[in-house]
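Counting in the numbering used here, the sequence shown runs from 12 upward without gaps. Cβ coordinates follow ideal geometry from the N, Cα and C atoms, glycine included. Quick caveat: nothing in here was measured; it's all calculated off a predicted structure. Have a look at the structure below before the remarks.
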Amino acid sequence: MNASSGSAALPPAASSPPPGPLPISAEPYAFELTPATCALLVIDMQRDFLEPGGFGESLGNDVALLRRVITPARTLLAAWRSAGLAVFHTREGHRADLADLPPAKRNRGHPTVRIGDPGPMGRLLVRGEPGHAIIPELAPLPDETVIDKPGKGAFWATDLHALLRARQIRQLVVIGVTTEVCVHTTVREANDRGYDCLVPADCVGSYFPDLHTAAIRMISAQDGIFGWVSRSDKILAALAAG
Ligand code: C5J
Numbered sequence: 012m013n014a015s016s017g018s019a020a021l022p023p024a025a026s027s028p029p030p031g032p033l034p035i036s037a038e039p040y041a042f043e044l045t046p047a048t049c050a051l052l053v054i055d056m057q058r059d060f061l062e063p064g065g066f067g068e069s070l071g072n073d074v075a076l077l078r079r080v081i082t083p084a085r086t087l088l089a090a091w092r093s094a095g096l097a098v099f100h101t102r103e104g105h106r107a108d109l110a111d112l113p114p115a116k117r118n119r120g121h122p123t124v125r126i127g128d129p130g131p132m133g134r135l136l137v138r139g140e141p142g143h144a145i146i147p148e149l150a151p152l153p154d155e156t157v158i159d160k161p162g163k164g165a166f167w168a169t170d171l172h173a174l175l176r177a178r179q180i181r182q183l184v185v186i187g188v189t190t191e192v193c194v195h196t197t198v199r200e201a202n203d204r205g206y207d208c209l210v211p212a213d214c215v216g217s218y219f220p221d222l223h224t225a226a227i228r229m230i231s232a233q234d235g236i237f238g239w240v241s242r243s244d245k246i247l248a249a250l251a252a253g
């Protein structure tokens, strides 16, 4: 039911994935990355969240806090692509007629502008508008799947689970924004569906540093209740060694 661009079929790999498993230093213990069944899931790296004039800034947030993740995320994405591993991207947004926008989501709070209202980058969080696009630094390649999601979690009201299963993906390295909202919701949804999730803390960002810290801690607490936490340099080192 979602609009996903790119092919569901296996694209030609840039190079053969390393055989693995690749041990990655992580909390609460090492993550054993199996390249053939692990995808990089890039959450909502959209202009509306990361650029001035977008939805995030319209809510009074400082987009500079999110922009810190661009460089490490781009470096990890480049290494992931070079290793020939699977990449999925998500975008949060709504149909132009807002039929998939629950009134509760549009009306909550007291913002000066709401989802669907016009802004400097087009209508806020509406599919096809300039602000809805993924930032150029992390632009998807033509053979990478883009999942359009109306909610916070990437599994709700999308075909992500079916597409991952079709490719025998069992592990997810989750990066993007924001840590405690769409990243966390997606990690929780993935965990309940049987995926092992690894979150590199420097590749996820929040408008609220204290919530970022708490959200990161929550993932690996209780011996990995939602998954594993590491940093991108550890993943890069494992990919290079593999
Ligand atoms: C929010 C997101 N924060 N991608 N979306 O509304 O985290």
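6 Å CB neighbourhood of residue i in its chain, flanking five on each side removed
i	result
Leu-171	Ile-158 and Ala-165
Met-229	none
His-223	Thr-190 and Ser-217
Residue i beta carbon near ligand 1 (any heavy atom closer than 7 Å)
i	result
Ile-54	yes
Glu-200	no
Phe-60	yes
Lys-163	yes
Cys-193	yes
Thr-197	no
Glu-68	no
Residue environment, residue i, which counts as buried when at least 16 other CB atoms sit within 10 Å
i	result
Asp-207	buried
Ser-241	buried
Val-124	exposed
Asp-55	buried
Whole-angstrom C-beta distance between residue j and residue i, which should lie under 8 Å
i	j	result
Ile-180	Ala-97	6 Å
Ser-243	Pro-211	4 Å
Leu-52	Val-184	7 Å
His-100	Pro-153	At roughly 12 Å, the Cβ-Cβ gap does not stay under 8 Å, so His-100 and Pro-153 are not in contact.
Same chain only: Cβ atoms within 8 Å of residue i, ignoring 5 sequence neighbours per side
i	result
Ala-41	Pro-34 and Ile-35
Lys-163	Glu-103, Val-192, Cys-193, Thr-196 and Thr-197
Gly-130	Gly-64, Gly-65, Phe-66, Ser-69, Val-124 and Gly-142
Gly-253	Pro-29, Pro-30, Gly-31, Leu-33, Pro-46 and Ala-94
7 Å CB neighbourhood of residue i in its chain, flanking five on each side removed
i	result
Gly-104	Leu-136, Val-137, Arg-138, His-143 and Asp-159
Thr-45	Gly-31, Pro-32 and Gln-182
N- and C-terminal bounds of the beta strand (DSSP E) containing residue i
i	result
Thr-254	Nothing can be reported for residue 254, as the shown portion of the chain is limited to 12 through 253.
Trp-239	239-241
Thr-101	97-103
Ile-186	182-188
Residue range of the unbroken alpha helix (DSSP H) whose run includes residue i
i	result
Gln-233	220-235
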